[in-house]
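Data first, discussion second: the structure below is written as structure tokens.
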Amino acid sequence: HTIEGVNFQLSEEHLAVRDAARDFAQNDLLPGVIERDIHTKFPAEEIKKMGELGFLGMMIDPQYGGSGMDTLSYVLAMEEICKVDASAGVAMSVNNSLVCYGLNQYGTEEQKQKYLKPLASGQILGAFCLSEPEAGSDATSQKTTAEDMGDYYLVNGTKNWITNGQTSSVCLVMAQTHPELKHKGINCLIIEKSQEGFVVGKKEDKMGIRASDTHSLMFTDVKVPKENRIGPEGFGFKFAMSTLNGGRIGIAAQALGIAAGAFELSVRYAKERKAFGKPIAEHQAIQFKLAEMKTKIEAARYLVYKSARDKDAGLDYVESAAMAKLYASEVAMWVTTEAVQIHGGYGYVREFHVERMMRDAKITQIYEGTSEIQKMVIAREILK
Ligand code: CAA
Ligand code: FAD
């Protein structure tokens, strides 16, 4: 499949979703975004409203509480929300593309009724737990164990850096049942927060996306019923990888949103700020920055929409999602750094937003597979 067949025409429905997300971001997220960043305050009320608007289970069929939309709609909404608040964006991304998508794709009817419905309708939030203190990029080295006890698994171990760590009610946890089978011995288990032996660790004090809720999670002899395993025995690693392919499209859209948001602020500022008797937008050095920023953002947008279109068309999107995530995250980092430069000293203080965006952009190069991991994924696709 190549770029020629890709239709980037947005339907009426796409435009309506984008406008609704834009209105929500401007009216509900923007007013408190600086305070939430300073005080690392999770946007609880805002996320609740997001659920009411249908933004937490966007790609899930309405029979399971979702909005029944395509991946492109999801990407458009993510972009608008992350133009303003990337912390709210990551909570949305994990719930939609890792937790709900994973359950919808691979869960049983009972699991969907019990867990997907409240997750997709935004009544509760979910978390996706793959990373560990000693297993990040090297994700097959899972140390958390799920011992087979007959009719239940006994789970022990620690997960690290879990988004929605405190605020989630349900966690999808990867754990090793048969170490001798390496990654083919890993299971994915649905674990409820209320279960005995499940402890939430301290909240991480982060550089960016500070309002998002990142915690380690500890499991000591947690009993998980067999019916809470997703897919057949040993499917957990495949589950994590397949789900992350779509997750990477969501993070690519987050990066695109951060870049586009910083760009819009920069254009506005460059027209207003005067130096040497004229708006800085009339100095060619600033014009060239804006031209380059827009070009890179547009290129990233094509890759992100292309990966969403590939997924919607039922094509293989491993490579296009990795390319979108790799490129959009690099663009977000570069564009936000230039945005701070365009704002001069004002760019270095909180009030003008771009310094937060620069801090927020950095995480998009790290989570859901670092830039180096995306290059490995792309290279393997090229050479296979
Ligand atoms: N899609 C589907 N299957 C995949 C896959 C993909 N993208 N990548 C690997 N696999 C499969 C392989 O086909 C293989 O399966 P088989 O044995 O059945 O053939 C299996 O997974 C193991 O793959 P490899 O042999 O390639 O394993 P590896 O150890 O050499 O490398 C890796 C695997 C691609 C590096 C993988 O470990 C990886 O993606 N690491 C990054 C982890 C990551 O992205 N973590 C994100 C955590 S969630 C998060 O971060 C959320 C958030 O912040 C908001
Ligand atoms: P490492 O894997 O130790 O990597 C360190 C460096 O080495 C990186 O630059 C990496 O690219 C490089 N490197 C590693 N291996 C190779 C290689 N083979 N070739 C070249 N370079 C290599 N995880 C979850 O499971 N769920 C979540 O909800 C979640 N949310 C997160 C939220 C935040 C804010 C953060 C910071 C992380 C989150 N993560 C989550 C974890 C995230 O996915 C990992 O941090 C990431 O995958 C990298 O793993 P690591 O931190 O262990 O770094």
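In case it helps, full-length UniProt numbering puts the sequence shown at residues 2 to 385.
Each residue gets a CB set at the ideal place from its N, CA and C atoms; glycine is no exception.
Contacts around residue i, its chain only, beta-carbon distance under 7 Å, and the 5 residues preceding and following it disregarded
i: H2; result: The predicted position of H2 is uncertain, since its pLDDT is 47 and thus under 50; a value taken from the coordinates is nonetheless stated next. So the list reads D311, L316, once near-sequence residues are dropped.
i: V336; result: A260, A263, F264, M294, K297, I298
i: A21; result: L54
i: M208; result: R360, K363
i: L131; result: A140, M175, A241
i: D222; result: L155, N157, G198
i: R274; result: P280, I281
i: N161; result: S132, E133, P134, S217
i: E47; result: D29, L30, A89
i: P32; result: none
i: P63; result: G69
i: T371; result: S138
Any non-hydrogen atom of the ligand CAA closer than 6 Å to residue i Cβ
i: H216; result: no
i: H344; result: no
i: S169; result: no
i: H184; result: yes
i: A300; result: no
i: M242; result: yes
i: N246; result: yes
Any non-hydrogen atom of the ligand FAD within 6 Å of residue i CB
i: G127; result: no
i: G137; result: yes
i: Y368; result: yes
i: T109; result: no
i: E382; result: no
i: residue 1; result: Given that the chain is displayed from residue 2 to residue 385, the structure contains no residue 1 and the question cannot be resolved.
i: I252; result: no
i: W335; result: no
i: L132; result: Per the sequence shown, residue 132 should be read as Ser rather than Leu. Yes - the ligand FAD has a heavy atom lying nearer than 6 Å to the Cβ of S132.
i: T164; result: yes
Cβ neighbours of residue i in the same chain (closer than 8 Å, five flanking residues each side left out)
i: V341; result: G348, Y349, V355, E356, M359
i: I374; result: S138
i: V319; result: N246, V378, E382
Three-way DSSP call (helix, strand, coil) for residue i in this model
i: Q10; result: coil
i: R274; result: coil
i: G108; result: coil
i: H2; result: Because the pLDDT at H2 is just 47, under 50, the model does not fix this residue reliably, and the point stays unresolved.
i: residue 1; result: The requested residue 1 does not occur in the structure, where the chain is confined to residues 2 to 385.
i: K239; result: helix
i: S372; result: helix
i: I379; result: helix
i: K144; result: coil
i: G103; result: helix
i: V200; result: strand
i: Q124; result: coil
i: G262; result: helix
i: D20; result: helix
i: F25; result: helix
i: P233; result: coil
i: K279; result: strand
i: F353; result: helix
Same chain, Cβ closer than 6 Å to residue i, five either side skipped, listed in chain order
i: D152; result: K227
i: H344; result: Y270, F353, V355
i: D214; result: F43, N165, G166, Q167, T168
i: S170; result: I125, K194
i: K118; result: Y65, G66
i: G123; result: G52, L57
i: I210; result: A87, S88, V91, D361, I364
i: I35; result: R351
i: T328; result: Position check: residue 328 holds Tyr in this sequence, whereas Thr was assumed. The residues are A301, L304.
i: F9; result: Y306
Host alpha helix (DSSP H) of residue i (start-end)
i: E320; result: 319 to 344
i: G52; result: 45 to 53
i: E135; result: Run containing E135: none; DSSP gives neither H nor E here.
i: E36; result: 34 to 39
Delimiting residues of the beta strand (DSSP E) encompassing residue i
i: P226; result: 215 to 226
i: T296; result: No beta strand (DSSP E) holds T296; the alpha helix (DSSP H) holding it covers 285 to 313.
i: T72; result: Here T72 belongs to no beta strand (DSSP E); instead the alpha helix (DSSP H) covers 72 to 85.
i: M175; result: 171 to 177
i: I187; result: 187 to 193
i: K160; result: 153 to 164
Within-7 Å CB hit, residue i to chain D
i: A380; result: Among the chains in the structure shown there is no chain D, since it carries only a single protein chain.
Residue i: CB within 6 Å of a non-hydrogen atom of the ligand MG
i: E373; result: The ligand MG is absent from the structure shown, which contains only the ligand CAA and the ligand FAD.
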